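To keep things clear, I will list the structure first and then write my remarks on it.
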Amino acid sequence: MRRLGLLVLLAACTARPEPVAVTRDLSRPVYSIAGFDAARLSGDWVQVAGFGDCAGGRLQVGARVAYDLCLASGRAAGEAQATGVPGRFETQDGGLWVLWADADNRTLVIGAPDGRIGAVLNRGADISPDRLTAARDILSFNGYDVERLRAY
Numbered sequence: 001m002r003r004l005g006l007l008v009l010l011a012a013c014t015a016r017p018e019p020v021a022v023t024r025d026l027s028r029p030v031y032s033i034a035g036f037d038a039a040r041l042s043g044d045w046v047q048v049a050g051f052g053d054c055a056g057g058r059l060q061v062g063a064r065v066a067y068d069l070c071l072a073s074g075r076a077a078g079e080a081q082a083t084g085v086p087g088r089f090e091t092q093d094g095g096l097w098v099l100w101a102d103a104d105n106r107t108l109v110i111g112a113p114d115g116r117i118g119a120v121l122n123r124g125a126d127i128s129p130d131r132l133t134a135a136r137d138i139l140s141f142n143g144y145d146v147e148r149l150r151a152y
């Protein structure tokens with residue numbers, strides 16, 4: 001009985017993992033852009049909207065994809081590796097999928113199936129209202145709670 005009490009006490013003291021900040025309805029499908037062309041989207045992108053309370057971040061698309069983003073769980077930075085499926089990358093923070101890019105390569109929406117990543121990026125810090133609305137629609141279509149989306 002004494003051992004059982006000790007085990008219960010130890011289990012109560014065990015650190016529990018931090019909950020993951022999820023910004024989308026995981027029962028809804030999420031779609032990456034089938035016609036992703038890394039060359040078309042190469043260069044620097046500024047995060048103009050997201051689900052976190054930190055300042056917007058950046059994404060750089062080139063020979064590699066580097067990110068420093070404000071997410072619902074806080075700041076996340078690292079490199080993304082291509083998965084072999086167009087528009088889909090893996091990071092230490094989970095999947096990073098390109099959900100949409102406007103026809104003129106000015107605005108980009110990224111997300112993740114697990115809901116950890118969700119952001120709107122633009123070639124510059126200023127985004128037009130119509131492209132921000134389109135980006136919100138893409139996030140909503142992919143199950144994101146756009147009521148929680150905030151512009152930076």
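In this text, residue positions in the sequence shown follow UniProt numbering: the first is 1, and each later residue adds one.
Ideal Cβ placement from N, Cα and C applies to all residues, glycine included.
These numbers were taken from a predicted model, which means no experiment stands behind them.
By the three-class DSSP mapping on this structure, what secondary structure does residue i have?
{"i": "residue 63", "result": "coil"}
{"i": "residue 46", "result": "strand"}
{"i": "residue 68", "result": "strand"}
{"i": "residue 146", "result": "helix"}
{"i": "residue 135", "result": "helix"}
{"i": "residue 141", "result": "helix"}
Alpha carbon to alpha carbon, what distance is there between residue j and residue i?
{"i": "residue 81", "j": "residue 101", "result": "19 angstroms"}
{"i": "residue 133", "j": "residue 63", "result": "30 angstroms"}
{"i": "residue 23", "j": "residue 73", "result": "10 angstroms"}
{"i": "residue 57", "j": "residue 29", "result": "26 angstroms"}
{"i": "residue 91", "j": "residue 130", "result": "30 angstroms"}
{"i": "residue 50", "j": "residue 83", "result": "24 angstroms"}
{"i": "residue 44", "j": "residue 104", "result": "15 angstroms"}
Do residue i and residue j have their C-beta atoms closer together than 8 angstroms?
{"i": "residue 124", "j": "residue 118", "result": "no"}
{"i": "residue 121", "j": "residue 48", "result": "yes"}
{"i": "residue 87", "j": "residue 141", "result": "no"}
{"i": "residue 32", "j": "residue 97", "result": "yes"}
For residue i and residue j, which I take to be in contact (beta-carbon distance under 8 angstroms), what is that distance rounded to the nearest angstrom?
{"i": "residue 38", "j": "residue 61", "result": "6 angstroms"}
{"i": "residue 99", "j": "residue 109", "result": "4 angstroms"}
{"i": "residue 95", "j": "residue 26", "result": "Not confirmed; about 13 angstroms, so no contact."}
Among the options, whose alpha-carbon lies nearest the alpha-carbon of residue i?
{"i": "residue 66", "options": "93, 29, 116 and 126", "result": "93"}
{"i": "residue 54", "options": "41, 69 and 139", "result": "69"}
{"i": "residue 40", "options": "31, 126 and 107", "result": "107"}
{"i": "residue 46", "options": "127, 75 and 83", "result": "127"}
{"i": "residue 75", "options": "137, 21 and 145", "result": "21"}
{"i": "residue 59", "options": "104, 51 and 78", "result": "78"}
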